[in-house]
Amino acid sequence: MRLKYMRKLPCSIGKECITVLRDCALKKELCTGNIVHAHLLQLGLLDNRSHVANSLIDVYAKCGDLLQASRLFQSLPYRDVVSWTALIQGFVRHGHSQEALRCYQKMQDEGLSPNALTLSYTLRACARMRAADKGQEIHDVITKQGLLKSNIVLGNQLVDMYAKCGALKKAHHVLLELPARDIVSWSALITGYADWGHGQEALSCLADMQQEGLSPDAVTFTSILAVCGSIGELGMGKYIHTEIARRDLLPNHPALGNSLVDMYAKCGHLITAEQVFKGLPVPGTIAWSALISGYVQHGQADKALDCYKQMECKGLFPNAVTFASVLKACGCVGAAEIGGQVHEVILKEGLLANDYVLGSALVDMYTKCSCLSKAHQVLEQLPAQNVFSWNALMAGYAHQGRSDDVLYCFKQMQSKGISPDAVTFSTLLNICSHNGLVEEGQMFFGIMSSKFSIEPSTEHYTCMVDLLGRSGHLDTAVTLIKKMPAANHSVIWSALLGACQKWDDVHVGKWAFEHAIQVDKYDDTAYIVMIKIYTGAGLDTEAERVKAMRAEARHEKAQRHCVC
DNA sequence: CTAGGGTTAG
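The C-terminal position of the first sequence is numbered 564 in full-length UniProt numbering, with every residue numbered one higher than the one before it.
Have a look at this one:
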């Protein structure tokens, strides 16, 4: 049947060929594409018919045969913007965003200007790569060509690109300036706010959207439910649930069921999560994983493991995400045996190769089950080690007080080319603090910012104050605190106060106490420690004064409590 | 001739 087209005269063949090829692209029929390609070559029709060649590139690109697409593209004597766009589209669609951006550049080097479709795909590549700068460049081109007026899709992709890059203000601004916006624009922004941990803003966008008379649909609901789960907005979650039921959206949108289970599970309402789960027509891997993860997150690791067993009995296939939660559950209850079985399945299915979370989940599981040598061995054999897997192992050694091993890990990870992060330094400073390793601690604190450009957090400062204080270097601790950008956290002052008590330092103690109650007037421990310091130094009048202050603070706090 | 935007579990 296909040959029928080939027997026609060359001049009439073009249009019909394109129809066939478009069909191939739509149905991802690579074979048919190959046959047509062969015939076109035989008839010598590819050289002077760029439209046909472009359609063929599109078939290869859509089917994921990017090598063929590129080869054909290279062989063309004449390439236009459509050829480039078809190729770029293929790269973006199959996860080669970097290559797509390279093509975009080369196309311009050849003197061709992108059209709306080219820009659309390129924007998507920027979003995937979190390349806001390149995205901004595309944005400028779009503005210059005045494309936003007639093309709502481009506008929405711009919002999505900025949102995915975490440039949320910019995304919001672009959305507000669009000549026309719809629920897709808002959904992109809402998802962005949610992904970057701004749940409240996400909800306020939903309100703004409704204010404009736009009503959320199934996709909007999935995003909103994710927000509700992440910030524990059970009330809103329940409201969305009733809306979904009222509109009877579940039968046609199975993803919504998963989102509902996840929302209830994250909010800790596991009974409702189970109810919704049981009401699903066919609970799939995602729904099961959401439930398992919910149980783990809310301290019911045994139930999580029960779920996992049931899931296996039902013949469902757990995947990398499921295993990550199951391994966490194993770590929580010390189920090394189940963990080991899961490990074997993971190896058999080759899941470690393309998942960067699972490796550290394994190390963490063995660590928590006190199988440290096994954890270390697993880490060594990971196809891709990362900072998370090393942190997990180091935390395990630190937990057992094995400071030498922690320090050895720190060297090892760097020799493997992996940079430490803020968590690594927390572990390091903690172990130094607990082992009186003053010089080492100071060295780590120094290099974390100088060599690794990690801004010390309150936790890091607290570790250092603790380390210096415990070892009697109170003056150095004071100097450090004075250097802090904002020493307005109680933990800092309690660390220093504790040290003052240990070393009977009334002077520094008084200073620390004053700051401590400035930060938190009702910090009872601060009063108690200060009273002890004064009493220990024989300063009874001062001790009495602080006792009176404490009584007043307690009284005031109790009263405030009543009012509330 | 290239297309059809925002989406769920760690």
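We put the CB at the ideal spot given by N, CA and C, even for glycine.
These figures come from a predicted structure and were not determined experimentally.
DSSP, read as helix, strand or coil, puts F317 in coil. K521 sits in coil when the DSSP states are folded into three classes, being neither helix nor strand. Inside the segment 104 to 177, DSSP marks whole alpha helix (DSSP H) runs of 4 or more residues at positions 116 to 129, 132 to 144, 152 to 164, 168 to 177, from first to last along the chain. The continuous alpha helix (DSSP H) containing A202 extends over residues 199 to 211.
Taking the CA atoms as reference points, D505 sits about 48 Å from G359. If you draw a 10 Å sphere on the C-beta of C313, you find fewer than 16 other C-beta atoms in it, and that means exposed. Contact annotation: N391 and T427 have beta-carbon atoms nearer than 8 Å. By the Cβ-count criterion, N354 is exposed, with fewer than 16 other Cβ atoms from all chains shown falling within 10 Å of its own Cβ. For R181, the secondary structure class from DSSP, reduced to helix, strand or coil, is coil. Within a 10 Å sphere around the beta-carbon of L347 sit fewer than 16 other beta-carbons, which makes this residue exposed. Here the alpha carbons of L393 and Q377 stand approximately 10 Å from one another.
From the listed residues N151, T191, L112, C205, the smallest Cα separation to L176 is found for C205.
C332 sits close to A301, with the two beta carbons spaced by under 8 Å. Contact check for L214 against W196 fails: the beta carbons are separated by 8 Å or more. In the structure shown, the three-state DSSP call for G339 is helix.
Within the segment 479 to 504, the runs of alpha helix (DSSP H) that reach at least 4 residues and sit entirely inside it are, in chain order, 490 to 502. By the criterion of a C-beta distance shorter than 7 Å, A125 is surrounded in its chain by V92, S97, A100, L101, once the five residues flanking it on both sides are discounted.
Per the C-alpha coordinates, the member of Q157, A194, D208 positioned closest to V184 is Q157. Listed in chain order, the alpha helix (DSSP H) runs fully inside the segment 383 to 454 are 387 to 399, 403 to 415, 422 to 435, 438 to 450, counting runs of at least 4 residues. In the three-state reduction of the DSSP assignment, C330 falls in the helix class, which pools H, G and I. Collapsing the DSSP output to three states places L76 in coil. By the Cβ-count criterion, Q310 is exposed, with fewer than 16 other Cβ atoms from all chains shown falling within 10 Å of its own Cβ. Straight through space, the alpha carbons of L178 and T222 are spaced by roughly 24 Å.
Scanning its chain for C-beta atoms nearer than 8 Å, with the 5 sequence neighbours on each side dropped, one finds around T322 the residues T285, W288, S289, I292, Y308, M311, in chain order.
Membership of Q300 in any alpha helix (DSSP H) is not indicated, and neither H nor E is assigned to it by DSSP. Counting of Cβ neighbours within 10 angstroms places A207 among the exposed residues, the total staying below 16. For L382, same chain residues with a beta-carbon under 7 Å away, outside a window of 5 residues either side, are L352, G359, S389 in chain order. Excluding residues up to 5 positions away in sequence, G396 lie with their Cβ nearer than 6 Å to the Cβ of L372 in the same chain. Nearest C-alpha to V261 among C432, L280, P251: L280. When DSSP states are grouped into helix, strand and coil, G350 belongs to the coil group. Residue V465 holds the alpha-carbon nearest to the alpha-carbon of N430 among I454, C103, V465.
Between G509 and I492, the CB-CB gap reaches or exceeds 8 Å. Residue state for V357 is assigned as coil, using DSSP reduced to three classes.
Going by C-alpha positions, T535 is about 23 Å away from H555. Judged by DSSP in its simplified three-state form, V92 adopts helix. Secondary structure of P283 (DSSP, three-state): coil.
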